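Quick notes on the structure that follows.
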Amino acid sequence: MAQAPSDPFAVRFFTPNQLLLFCDHQPDLGDAQLRSGLQGLDGLTNNTAISNALSSNETSSIATLVRAQSTRRFSLVTLTLADTTDSELVSLVEAINNEYNSLPEDGGVDTWLDSLEGSNAALTLRAAALNFLMSSAPSQVGAGGPGSVPTAAPNATLNQASFTLPNGIPQHTGSGTHLYVLDSAHSLTTCQSIYSQYVQSGSNGLLPQLMTAAPSGTNDSFICGSNFRVARNPLLRTLEGNPNPYSTFPPYDSSDHGLFIAGILRTLVSAAPITLIEVLNKYGIGTLESITEGFATVLLDLSSNGSTTISAMSEPHATAILNCSFMLATPQNDYAAGNPHLSSCGAWQNWDNVFSNAPSLLNVPGIMLQIITALVQEQNASIVAAAGNEGHNGNHPPARYPAALHNVVGVAASKADNSMTPYSNLADSPPSDGFQVIGGMIRHLTSSKWVSHCSNSSSVDIANNDPNQGELGLLGIFTRPFPNPNGADTPNSNGWGFWAGTSFAAPIVAALLARLRGQGMSHSAAVAALRALTLNPNSSDAGKLQVTQG
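The opening residue of the sequence shown carries number 3 in my numbering; numbering runs sequentially from there.
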């Protein structure tokens, strides 16, 4: 197993030396013109680090978001600034926002987007942000990883991975929909190895339903048969080689996270094309930049009706369903007060020291994500997101972004008895806008072999599947060796594993929406129909869906 960084105070919430600029512009403005236009803006032109970064493709990157039939485009420009401390970066972001921030109020995004259609401005800078970390619905703030550590399932069968659904869910294959999974993704070489080891050998009955042919293409874009595509992100290669270069956390390989989710979707929706878009690295870590690039990829595909080289399918799709089992790692200011186990944590102390005088740092990323998801939703798309796995000692924190965003369907995790798991966040904001469905139960282990998360503690609680309670995580595709905090990793013989978390509850809801929307329902009609099938349709809590596995 890879060794974690030794610095116990290395917990971070954003990538160092990186500044994000969010702007809108005319559709014919090229990247070079965009960089040049930003260089000429007051407040940017006199900053040497920004000017130098904008002058080079190596120190700046651009993710452009397309709005269908619009006179405007939106771009997120990422700048790597040389020799800039965290404090200097925070001050710079706050200074730019004091001068330029013209984002809408939360809840007014749709009207704001429409108001831009009359703009004749070639380029407008809207806001600046830090490149905050994103992670796979983690159990610790500022770190990656789902609700539990995956464990072996040596006697698993395909039937045991099947689900029993509520009465009233249509027996629909999902045809006419296209499922997008924004998550971790394997390389072409690794997928070819998975195909050889588990598909051709016949040891896993679910993988052949995804990988219907030997993976082929390039390392950045490849196909695994007629209905499964993978789009990788070269940006995330810079995060490989270290479990998380910006945060300490148990360093196990979770690159199967996206594949596990794709397997749940395929189990429930047999005919819909699935495109797995890499936005998280192999340890479950991404950034606001990589997530934006993932959404930009979806928008490009939707605007071309599924005919891009990344994910061309045999027939056009009418409806898109996005699964987002990750969260934005911006701590809430009042979160630690309700969770005493974090009140003395070095990460929180660091947050208070760095960000106490920079109020825009918390609200700007959320509004940016609201704009980005609104652009996707305009393309007849539904977005489903995991709420997070930060519950502790009976406390269930609010849903994190993107689950808490307007019109994004947030999902909490249930135990087998339909009560909320101890680790789950609340489903949505408000909770009644979301759903609660089986995510698997876990137990907590403590091991000094795994890394300290807070500067004043010697160990961190690690969540594992809980056979002692007679309830494991969900059964699904897991192809890597199983992590062991106390020694060598455990070999994987069959490509199956148990894993728990809101990350894996979310695709169940995404698949059910695909079945409903595949019948021609709108997003709002499908959500209402699903709510009507819950155990508590009139409650102010999340809608509890009675789903069992096996």
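All C-beta atoms, glycine included, are put in the ideal place defined by N, C-alpha and C.
Since this is a predicted model, take the numbers as computed values, not measurements.
Those residues which DSSP pairs with residue i across a bridge
{"i": "residue 546", "result": "438"}
{"i": "residue 325", "result": "183 and 386"}
{"i": "residue 484", "result": "492"}
{"i": "residue 67", "result": "76"}
{"i": "residue 124", "result": "Note: residue 124 sits in no beta bridge, so no partner."}
{"i": "residue 280", "result": "185"}
{"i": "residue 479", "result": "498"}
{"i": "residue 288", "result": "136"}
{"i": "residue 231", "result": "225 and 277"}
{"i": "residue 166", "result": "550"}
Exposed unless 16 or more other CB atoms sit within 10 angstroms - verdict on residue i
{"i": "residue 202", "result": "exposed"}
{"i": "residue 541", "result": "exposed"}
{"i": "residue 537", "result": "exposed"}
{"i": "residue 499", "result": "buried"}
{"i": "residue 250", "result": "Confidence is the limiting factor: at residue 250 the pLDDT is only 41, short of 50, which leaves the residue's position unreliable and the question unanswerable from this model."}
{"i": "residue 427", "result": "buried"}
{"i": "residue 325", "result": "buried"}
{"i": "residue 362", "result": "buried"}
{"i": "residue 292", "result": "buried"}
{"i": "residue 101", "result": "exposed"}
{"i": "residue 107", "result": "exposed"}
{"i": "residue 390", "result": "buried"}
{"i": "residue 166", "result": "exposed"}
{"i": "residue 163", "result": "buried"}
{"i": "residue 150", "result": "buried"}
{"i": "residue 327", "result": "buried"}
{"i": "residue 172", "result": "exposed"}
{"i": "residue 552", "result": "exposed"}
{"i": "residue 475", "result": "buried"}
Distance between residue j and residue i (C-alpha atoms, nearest Å)
{"i": "residue 545", "j": "residue 513", "result": "16 Å"}
{"i": "residue 134", "j": "residue 257", "result": "20 Å"}
{"i": "residue 97", "j": "residue 30", "result": "29 Å"}
{"i": "residue 111", "j": "residue 373", "result": "6 Å"}
{"i": "residue 270", "j": "residue 18", "result": "41 Å"}
{"i": "residue 437", "j": "residue 508", "result": "9 Å"}
{"i": "residue 486", "j": "residue 492", "result": "7 Å"}
{"i": "residue 510", "j": "residue 267", "result": "7 Å"}
{"i": "residue 425", "j": "residue 395", "result": "9 Å"}
{"i": "residue 1", "j": "residue 72", "result": "Within the shown structure, residues of the chain are numbered from 3 to 552, placing residue 1 beyond reach of any answer."}
{"i": "residue 185", "j": "residue 478", "result": "16 Å"}
{"i": "residue 235", "j": "residue 67", "result": "16 Å"}
{"i": "residue 114", "j": "residue 322", "result": "24 Å"}
{"i": "residue 311", "j": "residue 223", "result": "Note that residue 311 scores 45 on pLDDT, short of 50, meaning its location in the model is unreliable; the coordinates nonetheless yield the value given after this. So the alpha carbons of these two residues sit roughly 8 Å apart."}
{"i": "residue 458", "j": "residue 129", "result": "A caution first: residue 458 carries a pLDDT of 38, below 50, which makes its placement in the model unreliable, though a value can still be read off. Their Cα atoms are separated by approximately 36 Å."}
{"i": "residue 209", "j": "residue 85", "result": "47 Å"}
Other residues of its chain near residue i: CB distance less than 7 Å, five sequence neighbours each side excluded
{"i": "residue 123", "result": "none"}
{"i": "residue 118", "result": "26 and 74"}
{"i": "residue 158", "result": "477, 496 and 498"}
{"i": "residue 56", "result": "37, 40, 41, 62 and 81"}
{"i": "residue 16", "result": "132, 133, 134 and 135"}
Supposed close pair residue i, residue j - CB separation, criterion 8 Å
{"i": "residue 368", "j": "residue 387", "result": "Actually they are not in contact, since the Cβ atoms of residue 368 and residue 387 sit about 13 Å apart, beyond 8 Å."}
{"i": "residue 81", "j": "residue 23", "result": "7 Å"}
{"i": "residue 494", "j": "residue 273", "result": "Contact doesn't hold; Cβ gap of about 29 Å is too wide."}
{"i": "residue 299", "j": "residue 233", "result": "6 Å"}
{"i": "residue 515", "j": "residue 431", "result": "So it is not a contact: roughly 19 Å between Cβ atoms."}
{"i": "residue 138", "j": "residue 505", "result": "6 Å"}
{"i": "residue 366", "j": "residue 131", "result": "5 Å"}
{"i": "residue 78", "j": "residue 21", "result": "No, residue 78 and residue 21 are not in contact; Cβ-Cβ is about 11 Å, not under 8 Å."}
{"i": "residue 229", "j": "residue 156", "result": "Rounded, the Cβ-Cβ distance is 29 Å, inconsistent with contact."}
{"i": "residue 434", "j": "residue 543", "result": "6 Å"}
{"i": "residue 320", "j": "residue 382", "result": "7 Å"}
Residues near residue i in its chain [Cβ-Cβ closer than 8 Å; skip 5 each side]
{"i": "residue 227", "result": "212, 213, 214 and 215"}
{"i": "residue 205", "result": "199, 495, 496 and 497"}
{"i": "residue 220", "result": "190"}
{"i": "residue 528", "result": "384, 515, 518 and 519"}
{"i": "residue 539", "result": "533 and 545"}
{"i": "residue 59", "result": "none"}
{"i": "residue 417", "result": "423, 440, 443 and 473"}
{"i": "residue 126", "result": "25, 26, 27 and 104"}
Own chain partners of residue i with C-beta closer than 6 Å, once the 5 adjacent residues on each side are dropped
{"i": "residue 535", "result": "168 and 170"}
{"i": "residue 403", "result": "330, 368 and 371"}
{"i": "residue 28", "result": "124"}
{"i": "residue 69", "result": "377"}
{"i": "residue 409", "result": "379"}
{"i": "residue 175", "result": "272 and 273"}
{"i": "residue 254", "result": "485"}
{"i": "residue 207", "result": "160"}
{"i": "residue 260", "result": "183, 185, 186, 187 and 278"}
Chain B within 9 Å of residue i, Cβ atoms only
{"i": "residue 387", "result": "In summary, chain B is missing from the structure at hand, where a single protein chain is found."}
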